[in-house]
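K.L.:
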Amino acid sequence: MSKFAKLLLAAVVAFAFGAAFAQDQEPTVEFTLHGGIGTTGFQFLGVGGDIDGVVNPDLNVKVGDVVKVTIIADAMEHDFTIDALDIKSESVMGEGESVSVVFTVTEAGTYIYYCSTPGHALPESGIGMFGNFIVAAAE
Numbered sequence: 345m346s347k348f349a350k351l352l353l354a355a356v357v358a359f360a361f362g363a364a365f366a367q368d369q370e371p372t373v374e375f376t377l378h379g380g381i382g383t384t385g386f387q388f389l390g391v392g393g394d395i396d397g398v399v400n401p402d403l404n405v406k407v408g409d410v411v412k413v414t415i416i417a418d419a420m421e422h423d424f425t426i427d428a429l430d431i432k433s434e435s436v437m438g439e440g441e442s443v444s445v446v447f448t449v450t451e452a453g454t455y456i457y458y459c460s461t462p463g464h465a466l467p468e469s470g471i472g473m474f475g476n477f478i479v480a481a482a483e
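Here is the structure:
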């Protein structure tokens, strides 16, 4: 096996192990969002904790947090996406079904989370299933 092939194989194994490791870590921060239709159209509704009952809540975390976001569906397809952080959950469709995504936050900033199902998030219009994912610097 050539030196290049060995290096490439090592890089692929390291990447796969790193992704699996992030999924296996215990979350330090957890959020649950219920996808559905509210008075202004499609929306995420916070479930539990500080976000309970809040429409499209700000999700506040710190650099280094292992974050778990769980989406609970109504009778329509929903997911959880943060393009800038390359985060996307699987889609969930059936009423009461849920899906979770676990990831480690590595960079401070304010990012937009949203449902990528067409027509569910219209940030330019200020309506739909989206909110702020706010990452503070580690203390």
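In the numbering used here, the protein residues as written are 345 to 483.
C-beta atoms are modelled at their ideal positions from N, C-alpha and C, and glycine is treated no differently.
In this text the structure is predicted, and so the values were computed from the model without any measurement.
Could you check the C-alpha separation between P467 and G392 for me, to the nearest Å?
P.N.:
Working through the sequence shown from its first residue, we reach residue 467 at position 123. Working through the sequence shown from its first residue, we reach residue 392 at position 48. Using only the alpha carbons, I get a separation of about 25 angstroms.
K.L.:
Look at F447 and V411 and say whether their C-beta atoms are less than 7 angstroms apart.
P.N.:
Here residue 447 corresponds to residue number 103 of the sequence shown, with the count starting at 1. Here residue 411 corresponds to residue number 67 of the sequence shown, with the count starting at 1. Contact: yes.
K.L.:
Can you give me the Cβ contacts of H464 inside the same chain, cut-off strictly under 6 angstroms, excluding the 5 residues immediately before and after it?
P.N.:
Counting from one through the sequence shown, the residue named residue 464 turns up at place 120. Once the five neighbours on either side are set aside, the close Cβ partners of H464 are F386, G472, M473.
K.L.:
With DSSP as the reference, label A428 as helix, strand or coil.
P.N.:
For the purposes of this step, residue 428 is taken as residue 84 along the sequence shown, with counting starting at 1. Reduced to three states, the DSSP call for A428 is helix.
K.L.:
Run the CB neighbour count on P462, radius 10 Å, all protein chains shown included, and call it buried at 16 or more, exposed below.
P.N.:
The count along the sequence shown starts at 1 and reaches residue 462 at position 118. That one is exposed.
K.L.:
If distances are taken between C-alpha atoms only, which option among S444, D427, G440 comes closest to S433?
P.N.:
Taking the sequence shown and counting its residues from 1, one reaches residue 433 at position 89. Of the candidates S444, D427, G440, the one whose C-alpha sits nearest the C-alpha of S433 is S444.
K.L.:
Could you give the distance in angstroms between the alpha-carbon of D394 and the alpha-carbon of T376?
P.N.:
Your numbering for residue 394 matches position 50 in the sequence shown. Your numbering for residue 376 matches position 32 in the sequence shown. Straight-line Cα distance between these residues: approximately 11 angstroms.
K.L.:
Determine whether the beta carbon atoms of V399 and L389 lie at a separation below 7 angstroms.
P.N.:
Sequence index remark: in the sequence shown, residue 399 carries index 55 (1-based). Sequence index remark: in the sequence shown, residue 389 carries index 45 (1-based). Yes, they are a contact pair.
K.L.:
Identify, in the order they occur along the chain, each residue of the same chain with its Cβ nearer than 8 angstroms to the Cβ of G438, setting aside the five sequence neighbours on each side.
P.N.:
By 1-based counting over the sequence shown, the position of residue 438 is 94. Once the five neighbours on either side are set aside, the close Cβ partners of G438 are A417, A419.
K.L.:
Go ahead and label T384 buried or exposed: buried means 16 or more other beta carbons lie within 10 angstroms of its beta carbon, across all protein chains shown.
P.N.:
Looking up residue 384 in the sequence shown gives position 40. Exposed, since its Cβ has fewer than 16 Cβ neighbours within 10 Å.
K.L.:
Give every residue of the same chain whose Cβ lies closer than 6 angstroms to the Cβ of L403, excluding the five residues on either side of it in the sequence, and list them in chain order.
P.N.:
As a working mapping, residue 403 is identified with position 59 in the sequence shown. So the list reads F375, F477, once near-sequence residues are dropped.
K.L.:
For G393, name the three-state secondary structure that DSSP assigns.
P.N.:
Locating residue 393 in the sequence shown gives position 49, where the first residue counts as 1. Residue state, collapsed to three classes: helix.
K.L.:
Going by DSSP in three states, S433 sits in which element: helix, strand or coil?
P.N.:
Here residue 433 refers to the residue found at position 89 of the sequence shown. Here S433 sits in coil by DSSP.
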